[in-house]
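In my numbering, the protein residues as written are 19 to 185.
The structure is reproduced here in structure tokens:
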């Protein structure tokens, strides 16, 4: 990937689903730091992903959050529904806009898609939505109650062996 960028075929390079340990290993040998790390992020897995968010911020790596809308599209009826609905009603927004604003508040860029123009316009307007510290705290607390674990495709030991610079 570094060669692709060096030869001008890409402006930036990035990684996907790297945790903080994997990023640390990568940065110890990379000539070019990844511009972004795309990770699974929503309130139910925020606590697990928080160290990755912190590490990326410390090293100026943009976090791109995919599947941020999972709590309302894939797992409706969970603890996050109540604060999302309350906040959306109070702000005159939709629950998907509130979730996308939550992602922004966490310092990440939301990656989402739709083929429906109205939905895309709704997603774009979420960028203007500002959540209060209390709103964010309520979503975080509800996410912790319904906390899910994401299983990485490899353990940190396997990652260390795979990405070690000495090889």
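A virtual CB, placed ideally from N, CA and C, is assigned to each residue, including glycine.
(request) Report buried or exposed for residue 100, applying the criterion of at least 16 other Cβ atoms within 10 angstroms of its Cβ. (result) Residue 100 sits at position 82 when you count from the first residue of the chain shown. The residue in question, residue 100, is exposed, as its Cβ has fewer than 16 Cβ neighbours within 10 Å.
(request) Between the Cα of residue 110 and those of 24, 21, 146, spot the shortest distance and give me the residue it belongs to. (result) For the purposes of this step, residue 110 is taken as the residue at position 92 of the chain shown. The candidate whose alpha carbon is nearest that of residue 110 is 146.
(request) Please say whether residue 82 and residue 53 have beta carbons closer to each other than 7 Å? (result) Mapped onto the chain shown, residue 53 falls at position 35. Mapped onto the chain shown, residue 82 falls at position 64. The answer is no: Cβ separation not under 7 Å.
(request) Compare the Cα-Cα distances from residue 165 to each of 119, 141, 97 and report the closest residue. (result) The sequence position of residue 165 within the chain shown is 147, counting from 1. Of 119, 141, 97, the residue nearest in Cα terms is 97.
(message) On the criterion of 16 or more Cβ atoms from any shown chain inside 10 Å, does residue 161 qualify as buried, or is it exposed?
(response) Taking the first residue of the chain shown as position 1, residue 161 is located at position 143. Buried, because 16 or more other Cβ atoms sit within 10 Å of the Cβ of residue 161.
(request) State the beta-bridge partners of residue 84 as determined by DSSP. (result) Here residue 84 refers to the residue found at position 66 when the chain shown is read from its first residue. DSSP lists 58, 129 as partners of residue 84.
(request) Note down, in chain order, each residue of its chain lying with its Cβ closer than 8 Å to the Cβ of residue 28, except the 5 sequence neighbours on either side. (result) As a working mapping, residue 28 is identified with position 10 in the chain shown. Only 19, 22 meet the Cβ criterion.
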